[in-house]
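Numbering-wise, the numbering used here puts 402 at position 214 of the sequence shown, and it's gapless, one number per residue.
What follows is one structure encoded as structure tokens, with my remarks underneath.
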Amino acid sequence: MDKSKCMVLKNDKFGRYLAASRDLKQGETIFTETPAIIGPPLIGNLICFDCGKPIEESFVFCTSCKIAIKCSSDCTGEHHNRSECSALTTAGIPGKCLAANPRLIYPLRFMLLKKSNPDLWKTLVELESHIEARRDTPIWKNHQVSIIDTLKSVGFINEEFTEELVQKICGIIDVNSFEIRPPKSNFNLTDPHQQCPRGLYINAALMAHDCTSNTFLSVNDDFVLTVKASTNIAKNSPIFFNYSNVLHGTLDRKRHLKEGKYFDCCCERCSDPSELGTDISSLKCHKCNGTVRSTAPNRPGSDWECSECKKQFKRSLIDIVINEGRRLIEEIDRNDVNKLVKVLDKLSATFHPNHFVLLETEQNLIGLYSLLPSNETNLTNKIDLCRKQLQILDVIEPGLSRIKGMIMYQMQFAMVQLANETHKKTPEKLLIKLRDAEKCLMESLKHLLHEPLKSPEGKVAQMAMKELKSLRSFIENLHNDLVTKQLAETRVKNRKVKK
Ligand SMILES: [Zn+2]
Ligand SMILES: [Zn+2]
Ligand SMILES: [Zn+2]
Ligand SMILES: [Zn+2]
189 MDKSKCMVLK NDKFGRYLAA SRDLKQGETI FTETPAIIGP PLIGNLICFD
239 CGKPIEESFV FCTSCKIAIK CSSDCTGEHH NRSECSALTT AGIPGKCLAA
289 NPRLIYPLRF MLLKKSNPDL WKTLVELESH IEARRDTPIW KNHQVSIIDT
339 LKSVGFINEE FTEELVQKIC GIIDVNSFEI RPPKSNFNLT DPHQQCPRGL
389 YINAALMAHD CTSNTFLSVN DDFVLTVKAS TNIAKNSPIF FNYSNVLHGT
439 LDRKRHLKEG KYFDCCCERC SDPSELGTDI SSLKCHKCNG TVRSTAPNRP
489 GSDWECSECK KQFKRSLIDI VINEGRRLIE EIDRNDVNKL VKVLDKLSAT
539 FHPNHFVLLE TEQNLIGLYS LLPSNETNLT NKIDLCRKQL QILDVIEPGL
589 SRIKGMIMYQ MQFAMVQLAN ETHKKTPEKL LIKLRDAEKC LMESLKHLLH
639 EPLKSPEGKV AQMAMKELKS LRSFIENLHN DLVTKQLAET RVKNRKVKK
């Protein structure tokens, strides 16, 4: 493992994890690394074995091994290299086998390393697999049918690679892979059927989880992962990555981590019924309007309680309320602002204003407001919604954050529009408001400039740079005009005084 100067691998009562070997500053690169192996997602896209990009329509077989799937015969990726090509040929895996089951390439690549790169194999095989927790679960059975039975049919399960070892390899892959969204591809992240390719990164796999991360991850076009400090990290502190969705409530995050990563998260946010004071999972008491929170978030199935009247609610009831809220939102057209506002209003009787069900819908609304007439009401509403999201994100995702950068970018845009709309005739006020927007735009860039240039956020960062330049020159001209005007007025006044 390439241990750079700023991190160290610790092994103590918390297990194995990376920690800062010195004080790290926000924005500092902790490490960059290329994936040990990449592979297709569990479901969805077929990817080119060589460049890793999703295959849109047709594919070709590698001209030398006639086994690997490529996006085109002249693809110049590096992932299907000569050693893999000859290893696949020697292994004698029929081409049809991988075409019918492209997921096979991921564990297969892992297995081939045993001969081609024994050191890397040794490191990878030591990663956490949670094999006992996975035994006989649906995912275990799924791998048995789609991976192991296929490998068996081509004679690849033997004394060296037993069924047990291949299950372990599948476990290591599932538990430690990072979803990677290569910038050039147009992955639609909101489409659940379209998942990103996955990559196994040795250093990144050793980052411990915390629902409040202190790192910022990005992947460039060549699948190179960069891990930066999103906040200042003190010497000896763990380097954390949040493996779950920061905007999900504790119940959902815990479920996701338990099902995918096989552990019960008891981080500060997960242990706090108010989720660090954000109340992102809290409901409203129908009796007294108090705040209803879990009494013991780390004890599954524990009751919920009103902070005011102390009325208790069964956990099953909470699930019903959340599902009903989601159903109401799913029922309406996601592009209809009026209907969305109405349903939010209805839900606000049951949900805490910061509840994630509302936040998610409000994020959708922020985007929709950009399509509406830019009048004072719409712009003010949009800015208020952005401000609310940012306040919550500052707590649950402190420091550098992709989401915050994107929201700030939308917000400054509305701020400029609103300033121009309402202060056309009062240049002094216009100047103040535009300077606020400038600050917001600069802040947005602080987050987005850490993105690879070709990623969607990186492209926004480039647009933001251009907009900042023109906003600054507009502000400067406006300022100069005002100064000239004031000077002229003072001169007139002085002349009057002299007379
Ligand atoms: Zn390709
Ligand atoms: Zn080949
Ligand atoms: Zn947690
Ligand atoms: Zn109450």
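Glycine residues also receive a C-beta, built at the ideal position from the N, C-alpha and C atoms.
Fair warning: this is a prediction, and the values are worked out from it, not measured in the lab.
Note down the Cα distance separating Glu-493 from Thr-538, rounded to an integer number of angstroms.
Mapped onto the sequence shown, residue 493 falls at position 305. Mapped onto the sequence shown, residue 538 falls at position 350. Thr-538 has its alpha-carbon roughly 14 Å from the corresponding atom of Glu-493.
At the level of alpha carbons, what is the spacing between Gly-283 and Arg-297?
Stepping through the sequence shown from its first residue, residue 283 is reached at position 95. Stepping through the sequence shown from its first residue, residue 297 is reached at position 109. If you draw a straight line from the Cα of Gly-283 to the Cα of Arg-297, it comes to about 15 Å.
Separation of Asn-569 from Lys-592, as counted between CA atoms
For the purposes of this step, residue 592 is taken as residue 404 along the sequence shown, with counting starting at 1. For the purposes of this step, residue 569 is taken as residue 381 along the sequence shown, with counting starting at 1. Rounded to whole angstroms, Lys-592 to Asn-569 spans 18 Å at the Cα level.
How would you write the range of the beta strand (DSSP E) that Ala-392 sits in, first residue to last?
As a first step, residue 392 is located in the sequence shown; it is residue number 204 there, counting from the start. Taken as a continuous stretch (DSSP letters only), Ala-392 belongs to no beta strand (DSSP E), as it is neither H nor E.
Quick one: Cα of Pro-242 to Cα of Ile-235, how far?
Taking the first residue of the sequence shown as position 1, residue 242 is located at position 54. Taking the first residue of the sequence shown as position 1, residue 235 is located at position 47. Distance from the CA atom of Pro-242 to the CA atom of Ile-235, rounded to whole angstroms, is 4 Å.
Mind listing, in chain order, the residues whose beta carbon lies closer than 5 Å to a non-hydrogen atom of ligand 3?
Those satisfying the condition are, in chain order, Cys-399, Cys-453, Cys-455, Cys-458.
Nearest residue (CA-CA) to Gln-579, options Ile-319, Asn-566, Ile-595, Thr-565:
Counting from 1 along the sequence shown, the entry for residue 579 is found at position 391. Of the candidates Ile-319, Asn-566, Ile-595, Thr-565, the one whose C-alpha sits nearest the C-alpha of Gln-579 is Ile-595.
Residue from Thr-438, Gly-587, Glu-519, Asn-289 with nearest C-alpha to Val-333
Here the question's residue 333 lines up with position 145 in the sequence shown. Looking at the Cα atoms, Asn-289 is the closest of the given residues.
When burial is assigned at 16 or more other CB atoms within 10 Å of the CB, is Lys-258 buried or exposed?
Indexing the sequence shown from 1 puts residue 258 at position 70. By the 10 Å Cβ count, Lys-258 comes out buried.
Given 7 Å as the limit, tell me if Asp-238 has its C-beta closer than that to any heavy atom belonging to ligand 1.
Looking up residue 238 in the sequence shown gives position 50. Yes, the beta carbon of Asp-238 sits closer than 7 Å to at least one heavy atom of ligand 1.
Select from Ile-281, Gly-448, Asn-526, Gly-265 the residue whose C-alpha is nearest the C-alpha of Val-342.
Along the sequence shown, read from residue 1 onward, the residue named residue 342 stands at position 154. Cα-wise, what sits closest to Val-342 is Ile-281.
Identity of the residues DSSP links to Glu-493 by a beta bridge
Position 305 of the sequence shown, counting from 1, holds the residue named residue 493. Paired residues: Arg-481, Gln-500.
Can you tell me whether DSSP reads Gly-555 as helix, strand or coil?
As a first step, residue 555 is located in the sequence shown; it is residue number 367 there, counting from the start. Judged by DSSP in its simplified three-state form, Gly-555 adopts helix.
Taking Ala-224 as the reference, give the member of Val-412, Ala-422, Leu-629, Leu-567 with the closest Cα.
Along the sequence shown, read from residue 1 onward, the residue named residue 224 stands at position 36. Nearest C-alpha to Ala-224: Val-412.
Output the distance between the C-alpha atoms of Ile-517 and Val-531, rounded to the nearest integer angstrom.
For the purposes of this step, residue 517 is identified with residue 329 of the sequence shown, where counting begins at 1. For the purposes of this step, residue 531 is identified with residue 343 of the sequence shown, where counting begins at 1. Each residue's CA atom was taken as its position, placing Ile-517 and Val-531 some 7 Å apart.
Own chain residues within Cβ distance below 7 Å of Cys-454, not counting five before or after
As a working note, residue 454 is residue 266 in the sequence shown. Asn-486.
Is the segment 559 to 575 close to the segment 393 to 408, with three or more CB pairs under 8 Å?
Output reads no: the segment 393 to 408 does not touch the segment 559 to 575.
May I ask you to report which of helix, strand or coil DSSP gives Thr-378?
Start at 1 with the first residue of the sequence shown, and residue 378 comes out as number 190. Reliability fails at Thr-378, whose pLDDT of 45 lies under 50, so the model's placement of it is uncertain and no value is given.
Exposed unless 16 or more other CB atoms sit within 10 angstroms - verdict on Leu-388:
Translated into positions along the sequence shown, residue 388 becomes position 200. With 16 or more other Cβ atoms from the protein chains shown falling within 10 Å of its own Cβ, Leu-388 counts as buried.
Do Gly-227 and ligand 1 come close, with the Cβ less than 7 Å from some heavy atom?
For the purposes of this step, residue 227 is taken as residue 39 along the sequence shown, with counting starting at 1. Not under cutoff, so the answer is no.
Rounded to whole angstroms, what's the CA-CA distance from Glu-266 to Pro-295? Just pull it up for me.
Here residue 266 refers to the residue found at position 78 of the sequence shown. Here residue 295 refers to the residue found at position 107 of the sequence shown. Going from the Cα of Glu-266 to the Cα of Pro-295 covers about 18 Å.
Taking Cβ positions, are Cys-640 and Asp-409 nearer each other than 8 Å?
Residue numbering aside, residue 640 sits at position 452 when the sequence shown is read from its first letter. Residue numbering aside, residue 409 sits at position 221 when the sequence shown is read from its first letter. What sits at residue 640 in the sequence shown is Pro, not Cys. Yes, they are a contact pair.
Counting Cβ pairs, one atom from each stretch, are 3 or more of them under 8 Å apart for the segment 625 to 642 and the segment 664 to 675?
Cβ pair count under 8 Å is below three, so no.
Could you check the C-alpha separation between Cys-441 and Leu-312 for me, to the nearest Å?
Along the sequence shown, read from residue 1 onward, the residue named residue 441 stands at position 253. Along the sequence shown, read from residue 1 onward, the residue named residue 312 stands at position 124. It should be noted that the sequence gives Arg, not Cys, for residue 441. Each residue's Cα considered, the two are about 27 Å apart.
CB of Gln-276 to nearest heavy atom of ligand 2: below 7 Å?
Indexing the sequence shown from 1 puts residue 276 at position 88. Looking at the sequence itself, residue 276 is Leu, so the reference to Gln does not match. Flag set: Cβ of Leu-276 near ligand 2.
Do Phe-544 and His-436 have their CB atoms nearer than 8 Å?
Position 356 of the sequence shown, counted from the first residue, corresponds to residue 544. Position 248 of the sequence shown, counted from the first residue, corresponds to residue 436. Against a cut-off of 8 Å, the Cβ pair of His-436 and Phe-544 comes out as a contact.
Which residue's Cα is closest to the Cα of Glu-272: Ile-520, Gln-577, Gln-650, Asn-305?
Within the sequence shown, the letter at position 84 stands for residue 272. Looking only at Ile-520, Gln-577, Gln-650, Asn-305, the smallest Cα-Cα distance to Glu-272 is reached by Asn-305.
Answer with buried or exposed for Thr-466, where buried requires no fewer than 16 other C-beta atoms within 10 angstroms of its C-beta.
Within the sequence shown, residue 466 is the residue found at index 278, counting from 1. Counting every other CB atom within 10 Å of its CB across the protein chains shown gives Thr-466 a total of 16 or more, marking it as buried.
Helix, strand or coil at Tyr-450 [DSSP, three-state]:
Sequence index remark: in the sequence shown, residue 450 carries index 262 (1-based). In the structure shown, the three-state DSSP call for Tyr-450 is coil.
Would you mind sorting Asp-238 into buried or exposed? The rule is 16 or more other CB atoms within 10 Å of its CB.
Taking the first residue of the sequence shown as 1, we reach residue 238 at position 50. Residue burial is scored here from C-beta neighbours: Asp-238 has at least 16 other C-beta atoms within 10 angstroms and is therefore classed as buried.
Would you call the segment 202 to 217 and the segment 347 to 364 in contact, with 3 or more CB pairs under 8 Å?
No, they do not touch.
Alpha carbons only, please: which of Lys-472, Glu-316, Leu-622 is nearest the one belonging to Met-599?
By one-based count along the sequence shown, residue 599 stands at place 411. Looking at the Cα atoms, Leu-622 is the closest of the given residues.
Determine the contact status of Asp-398 and Asn-430, defining contact as a CB-CB distance below 8 Å.
Position 210 of the sequence shown, counting from 1, holds the residue named residue 398. Position 242 of the sequence shown, counting from 1, holds the residue named residue 430. It is a contact, given that the beta carbons lie within the stated cut-off.
If you measure from each CB to the nearest heavy atom of ligand 4 and keep those under 6 Å, what residues do you get, in chain order?
The chain-ordered list of residues whose CB is nearer than 6 Å to some heavy atom of ligand 4 reads Cys-473, Lys-475, Cys-476, Gly-478, Cys-494, Glu-496, Cys-497, Lys-499.
Asn-199, DSSP secondary structure in three states
Taking the first residue of the sequence shown as position 1, residue 199 is located at position 11. DSSP places Asn-199 in strand when its eight states are reduced to three.
In the structure shown, what three-state DSSP assignment does Leu-234 receive?
The residue given as residue 234 occupies position 46 in the sequence shown. Here Leu-234 sits in coil by DSSP.
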